[in-house]
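Visitor: The listed protein sequences correspond, in order, to chains A and B.
Residue numbers for the first sequence follow my numbering, so the first one is 293 and each next one is one higher.
Residue numbers for the second sequence follow my numbering, so the first one is 293 and each next one is one higher.
The beta carbon of each residue, even a glycine, is placed where N, CA and C say it ideally should be.
Below is the structure I would like to discuss, written out as structure tokens.
There are 2 protein chains.
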Amino acid sequence: MSDDATAEEITLGRIETEVALLMRLGEATRRATGTAEHRVLDRAAYVILRHLDKAGPQNVSALAARLNLDGSTVTRQVSAMHRDGLIARTPDPADGRGTVISPTPAGLQRMAAVQAARTRLYGDILANWSPDDRGTLADLLHRLNEALDARNRPR
Amino acid sequence: MSDDATAEEITLGRIETEVALLMRLGEATRRATGTAEHRVLDRAAYVILRHLDKAGPQNVSALAARLNLDGSTVTRQVSAMHRDGLIARTPDPADGRGTVISPTPAGLQRMAAVQAARTRLYGDILANWSPDDRGTLADLLHRLNEALDARNRPR
DNA sequence: CGCTCATAGCTGTATGATACAACTGAATTA
DNA sequence: TAATTCAGTTGTATCATACAGCTATGAGCG
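What follows is the structure in structure tokens.
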């Protein structure tokens, strides 16, 4: 690394650092906070329920594509969730190969509980942030995710 | 979820959502981008090298504590890195039980390469962001990490 | 000194999330 | 209709991680 880094490169390096750190801390937080809510609904199940809730019932492939996961991963995740009564599977009327996955009321309830717990956690963590900073963080994270997603998807 | 959520609660929910999403996308990006740089240095090794580089040589326990990882995890990670010549282990002169881990030149070089690749990636992803927004993102992520860390550490 | 207890690190073993490859059966197309 | 593509599943492998149990060293106390 020569030291002719521009201010912009430094900023990018900082973002890189902080995202890497956030991944690690997020993992750790998820584990540490797993006293109650998290153990009953693992990361992937939560994200799947969130997506079903927002985007509506859909089949395994659609889910996999949307979540950047392999179909087999989603299959297993979904079958575990089915075993636990969190989702329902109905044959896709339009395609005999497909199965449509939809959240059950129990699933939605579980999702909401985890969401509430996490929201509470963030309220705690960001207790002394100004509403303004919180809003800006939410906005920028959203834009970052959009950008990452755009980069990932058009493979 | 009753709908008496305050604006603040909504913001927290958004942050929660975006962080969860970022974790997923970050994973996916790491995997997808793994064409060259990432396959030679996995996530944990990278973070360990970064930390050694910044905070200086230290023993396994210190690393584990700092990274919120179990000692056994770090042991294995470190021994893989040792096998690959990325770090050196010297007996701790002050404590016969301990081993001090330090990055080798090869390790630092590898780390720098990954870092550069990631920085480039972010430059690409955030190509059309204003310098201002990038700076703000870096700042807020930093503060978020500090807050998460503070929450995690004082166990 | 010689116990006893705490600590550093390692190894065994288990779990969870993930991918890739191979397969089955249904849909689409030539 | 035969060939091809696609949806979903199952087999198998990998990786990161944790927890429990072990060994050896260090520290404090009688």
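1. Any Cβ of chain B within less than 7 Å of the Cβ of residue 367 of chain A?
2. Taking C-beta pairs closer than 7 Å, name the residues in chain B that residue 430 of chain A reaches, listed in chain order.
3. Short of 7 Å in beta carbon distance, which residues of its chain neighbour residue 380 of chain B, apart from the five on each side in sequence? Order them along the chain.
4. Pull up the distance between the alpha-carbon of residue 403 of chain B and that of residue 385 of chain B, whole angstroms please.
5. Give the DSSP-derived three-state secondary structure of residue 423 of chain A in the structure shown.
6. In the segment 407-429 of chain B, which residues sit with their C-beta less than 9 Å from some C-beta in chain A, listed in chain order?
7. Counting C-beta neighbours from all protein chains within 10 Å, is the total for residue 399 of chain A 16 or more, i.e. buried, or is it exposed?
8. Below 8 Å on the Cβ atoms is my contact criterion, and I expect residue 443 of chain B with residue 307 of chain A to pass it. Report the Cβ-Cβ distance as a whole number of Å.
9. When the Cα of residue 316 of chain B is compared with those of A/301, A/339, A/317 and A/299, which residue comes out closest?
10. Using three-state DSSP, classify residue 365 of chain B as helix, strand or coil.
11. Return helix, strand or coil for residue 397 of chain A, following the three-state DSSP convention.
12. Residues of chain A with CB under 7 Å from residue 370 of chain B, in chain order?
13. Please confirm if residue 352 of chain B has its CB atom under 7 Å from at least one CB of chain A.
14. Quick one: is residue 315 of chain B near chain A, going by C-beta distance under 7 Å?
15. Say whether chain A places a C-beta atom closer than 7 Å to the C-beta of residue 440 of chain B.
16. Once you ignore the five residues that flank residue 435 of chain B on each side, which residues in its own chain have a CB closer than 6 Å to its CB?
17. Look up residue 379 of chain B in the DSSP assignment and give the residues it is bridged to.
18. Which partner residues does residue 350 of chain B have in the DSSP bridge list?
19. Secondary structure at residue 437 of chain A, three-state DSSP: helix, strand or coil?
20. Is there a Cβ from chain B that is less than 7 Å from the Cβ of residue 437 of chain A?
21. Helix or strand or just coil, what does DSSP make of residue 386 of chain B?
22. Helix, strand or coil: which one does DSSP assign to residue 429 of chain A?
23. Kindly give me the distance between the Cβ atoms of residue 423 of chain B and residue 303 of chain A, rounded to whole angstroms, as I take these residues to be in contact under 8 Å.
24. Name the chain A residues that come within less than 7 Å of residue 339 of chain B, Cβ to Cβ?
25. Quick one: is residue 419 of chain B buried, meaning 16 or more other Cβ sit within 10 Å of its Cβ, or exposed?
26. How would you call residue 337 of chain A, buried or exposed, if buried means at least 16 neighbouring beta carbons within 10 angstroms?
27. Is the Cβ of residue 257 of chain B closer than 7 Å to any Cβ of chain A?
28. Would you report the Cα separation of residue 329 of chain A and residue 312 of chain A, rounded to the nearest angstrom?
29. Taking the C-alpha atoms as reference points, what is the distance between residue 387 of chain A and residue 353 of chain A?
30. Beta-carbon within less than 7 Å of residue 331 of chain A's beta-carbon, same chain only, minus the 5 sequence neighbours each way: which residues are those?
Guide: The short version:
1. Along the first sequence, one-based indexing puts residue 367 of chain A at 75. Not closer than 7 Å to any Cβ of chain B, the Cβ of residue 367 of chain A fails to qualify, so no.
2. The count along the first sequence starts at 1 and reaches residue 430 of chain A at position 138. Chain B residues near residue 430 of chain A: 303, 306, 307 and 310.
3. As a first step, residue 380 of chain B must be located in the second sequence, where it is residue number 88. Only 394 and 396 meet the Cβ criterion.
4. Within the second sequence, numbered from 1, the residue matching residue 403 of chain B stands at position 111. Within the second sequence, numbered from 1, the residue matching residue 385 of chain B stands at position 93. Taking the straight line joining both Cα atoms gives about 27 Å.
5. The count along the first sequence starts at 1 and reaches residue 423 of chain A at position 131. Helix.
6. 407, 408, 410, 411, 412, 413, 414, 415, 416, 417, 418, 419, 420, 421, 423, 425, 426, 427, 428 and 429
7. If you number the first sequence from 1, residue 399 of chain A lands on position 107. The residue in question, residue 399 of chain A, is buried, as its Cβ has 16 or more Cβ neighbours within 10 Å.
8. The count along the second sequence starts at 1 and reaches residue 443 of chain B at position 151. The count along the first sequence starts at 1 and reaches residue 307 of chain A at position 15. At roughly 22 Å, the Cβ-Cβ gap does not stay under 8 Å, so residue 443 of chain B and residue 307 of chain A are not in contact.
9. Along the second sequence, read from residue 1 onward, the residue named residue 316 of chain B stands at position 24. Ranking A/301, A/339, A/317 and A/299 by Cα distance to residue 316 of chain B puts A/339 first.
10. Sequence index remark: in the second sequence, residue 365 of chain B carries index 73 (1-based). Helix.
11. Sequence index remark: in the first sequence, residue 397 of chain A carries index 105 (1-based). Residue state, collapsed to three classes: helix.
12. One-based indexing of the second sequence puts residue 370 of chain B at position 78. Within 7 Å Cβ-Cβ: nothing; residue 370 of chain B doesn't reach chain A, min ~16 Å.
13. Looking up residue 352 of chain B in the second sequence gives position 60. No, because no Cβ of chain A sits closer than 7 Å to the Cβ of residue 352 of chain B.
14. If you number the second sequence from 1, residue 315 of chain B lands on position 23. Chain A, which has a Cβ nearer than 7 Å to the Cβ of residue 315 of chain B, makes this yes.
15. In the second sequence, counting from the first residue as 1, residue 440 of chain B sits at position 148. Residue 440 of chain B counts as touching chain A.
16. Taking the first residue of the second sequence as position 1, residue 435 of chain B is located at position 143. Hits under 6 Å: none found.
17. To locate residue 379 of chain B, count along the second sequence from 1; it is residue 87. In DSSP, residue 379 of chain B forms a bridge with B/395.
18. The residue you call residue 350 of chain B lines up with position 58 of the second sequence. DSSP lists B/393 as partners of residue 350 of chain B.
19. Numbered from its first residue, the first sequence carries residue 437 of chain A at position 145. DSSP places residue 437 of chain A in helix when its eight states are reduced to three.
20. Taking the first residue of the first sequence as 1, we reach residue 437 of chain A at position 145. Answer yes: the Cβ-Cβ gap between residue 437 of chain A and chain B drops below 7 Å somewhere.
21. Here residue 386 of chain B is taken as the residue at index 94 of the second sequence, counted from 1. Of the three classes helix, strand and coil, the one that applies to residue 386 of chain B here is coil, per DSSP.
22. Here residue 429 of chain A is taken as the residue at index 137 of the first sequence, counted from 1. Helix at residue 429 of chain A.
23. Translated into positions along the second sequence, residue 423 of chain B becomes position 131. Translated into positions along the first sequence, residue 303 of chain A becomes position 11. Sure, about 7 Å apart at Cβ, within 8 Å.
24. For the purposes of this step, residue 339 of chain B is taken as residue 47 along the second sequence, with counting starting at 1. 312 and 316, listed in chain order.
25. Mapped onto the second sequence, residue 419 of chain B falls at position 127. Exposed is the call here.
26. Within the first sequence, the letter at position 45 stands for residue 337 of chain A. By the 10 Å Cβ count, residue 337 of chain A comes out buried.
27. Absent from the structure is residue 257 of chain B, since the part of chain B shown begins at 293 and ends at 447.
28. Within the first sequence, numbered from 1, the residue matching residue 329 of chain A stands at position 37. Within the first sequence, numbered from 1, the residue matching residue 312 of chain A stands at position 20. With a pLDDT of only 45 at residue 329 of chain A, under the threshold of 50, the placement of this residue in the model should not be trusted; the figure read from the coordinates follows. If I take the Cα positions, the gap works out to 25 Å.
29. Taking the first residue of the first sequence as position 1, residue 387 of chain A is located at position 95. Taking the first residue of the first sequence as position 1, residue 353 of chain A is located at position 61. Their Cα atoms are separated by approximately 13 Å.
30. Mapped onto the first sequence, residue 331 of chain A falls at position 39. Because the pLDDT of residue 331 of chain A is 46, which lies under 50, any placement of that residue in the model is unreliable, and the question is left without a value.
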